[in-house]
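Trainee: What follows is a single structure, and I will ask about it in a moment.
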Amino acid sequence: SLAEANIEIIESGDLLLPKTEVTQKELKESLRFRETEEISDNVQSYLREIGKISLLTPEEERALAKKVDQGDEQARRKMIEANLRLVVSIAKRYIGRSSNMSLLDLIQEGNIGLSKAVDKFNYKKGFKFSTYATWWIKQAITRALADQGRTIRIPVHMVETITKYLKTKRALAQSLGREPLPEEIAKEMDKSLDEILYLIQISRDTYSLNQSIGGGKDEEASELGDFVPDKKTPGPDDYANLQILRDLIRNILLDPSFAQRERDIIKMRFGLEDGINHTLEEVGKEFGVTRERIRQIEAKTLEKVKEHPQSQRIKEFLE
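If you're matching positions, the sequence shown starts at 174 in our numbering and goes up one per residue.
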């Protein structure tokens with residue numbers, strides 16, 4: 174079992190790409206916890222301190238970002254402090270994901286991501302800072318969980334290398350019709366024989382990333398490799414652009430000319446609510462119609478979106 178292998182798993186849906194951005198309501202309630210939640214004295218003290226810091230208006234945020242871009246250290250510190258609540262809001266979503274990391278640990282890791290976001294933020298691109306920073310905060314927290322969530326300490330980059338090794342081994346086995354030799358794997362991966370022998374050893378000592386896990390009566394089986402962050406995950410700029418595009422489409426759908434069913438179908442197909450792009454079949458089941466009918470409604474609704482006066486903003490954004 175995973176417990177015997179001393180491995181804790183992070184849910185794949187929570188790795189790197191956020192399903193939804195932190196809402197203003199979440200931000201305002203970031204310092205509140207349910208009565209059933211136990212909060213350490215250190216965390217309570219920290220929350221009291223950051224609760225005294227005022228949030229920034231869009232104008233203040235832009236002015237500070239300009240100063241940060243000019244190397245103003247005081248502005249940088251103020252930008253970080255004004256967004257500490259954002260980190261708490263995101264860190265709260267990960268409580269209980271690892272027995273090795275407390276809420277304070279999660280917050281500290283998130284603060285590291287926040288600092289990187291402040292340093293890398295380009296206000297000239299027109300992103301909201303919170304949208305841009307969310308990616309960096311989540312990335313810092315999830316990498317820390319992946320790195321520290323194992324009793325057997327294997328850095329994230331090694332987990333990814335083991336995944337590549339196992340995939341290469343499987344592909345060679347299929348093409349050769351037999352188990353490949355370490356030398357053949359080394360040549361295919363462009364690594365030394367010693368490196369491959371080391372990978373073979375640690376992949377045996379830890380747990381096969383292709384080992385089926387879960388699959389109890391109430392859950393679907395997965396492979397351990399499914400929980401490794403995907404290299405194709407969009408970066409912070411891509412994520413911020415995606416959020417802006419979704420906001421533009423949401424605003425157009427508010428027009429009374431759109432039927433509620435049209436709105437709901439587009440929201441599901443393009444992940445406007447939960448960040449998940451649902452398939453035609455999934456949406457069809459939700460509305461009790463065929464996937465072809467959903468495709469027709471989607472096409473008709475998208476045509477209306479294109480003809481909407483506000484669609485010019487989408488075209489300008491995509492140029």
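The beta-carbon is built from N, C-alpha and C at its ideal position, and this holds for glycine as well.
Beta carbon of P353, beta carbon of K342: below 9 Å?
Mentor: yes
Trainee: What alpha helix (DSSP H) runs, 4 residues minimum, are completely inside the stretch 218 to 300?
Mentor: 231 to 242, 246 to 255, 257 to 264 and 276 to 293
Trainee: Would you check if the distance between the CB atom of H451 and the CB atom of G461 is smaller than 9 Å?
Mentor: If you check the CB distance, H451 and G461 do not come in under 9 Å.
Trainee: What does the alpha-carbon distance come out to for the pair D278 and Q217?
Mentor: The straight-line gap from Cα to Cα measures roughly 14 Å.
Trainee: Which residues mark the beginning and the end of the alpha helix (DSSP H) in which L354 is found?
Mentor: Segment: none, L354 is in no alpha helix (DSSP H) and carries neither H nor E.
Trainee: Within the chosen definition, does the stretch 213 to 227 reach the stretch 246 to 257 through at least 3 CB pairs nearer than 8 Å?
Mentor: yes
Trainee: The alpha helix (DSSP H) that contains E471, what's its start and end?
Mentor: R464 to E480
Trainee: Should T463 be labelled buried (16 or more other beta-carbon atoms within 10 Å of its own) or exposed?
Mentor: exposed
Trainee: Report yes if the C-beta distance between E356 and L366 is below 9 Å; otherwise report no.
Mentor: yes
Trainee: Do three or more CB pairs link the stretch 416 to 427 to the stretch 452 to 459 at distances below 8 Å?
Mentor: no
Trainee: Tell me whether K364 sits in a helix, a strand or coil according to DSSP, three-state version.
Mentor: It is coil, neither helix nor strand.
Trainee: Are the CB atoms of A264 and E282 within a distance shorter than 9 Å?
Mentor: Between E282 and A264, the CB-CB gap stays under 9 Å.
Trainee: Please confirm whether F300 and V241 have their CB atoms less than 9 Å apart.
Mentor: no
Trainee: Can you tell me the Cα-Cα spacing of V291 and N215, whole angstroms?
Mentor: 25 Å
Trainee: I'd like the span of the alpha helix (DSSP H) that includes L453, first residue to last.
Mentor: L453 to F460
Trainee: Label T304 either buried or exposed according to how many other C-beta atoms from any shown protein chain fall within 10 Å of its C-beta, with 16 as the threshold for buried.
Mentor: buried
Trainee: In whole angstroms, give me the CA-to-CA distance for A472 and F431.
Mentor: 13 Å
Trainee: Helix, strand or coil for R486, going by three-state DSSP, please let me know.
Mentor: helix
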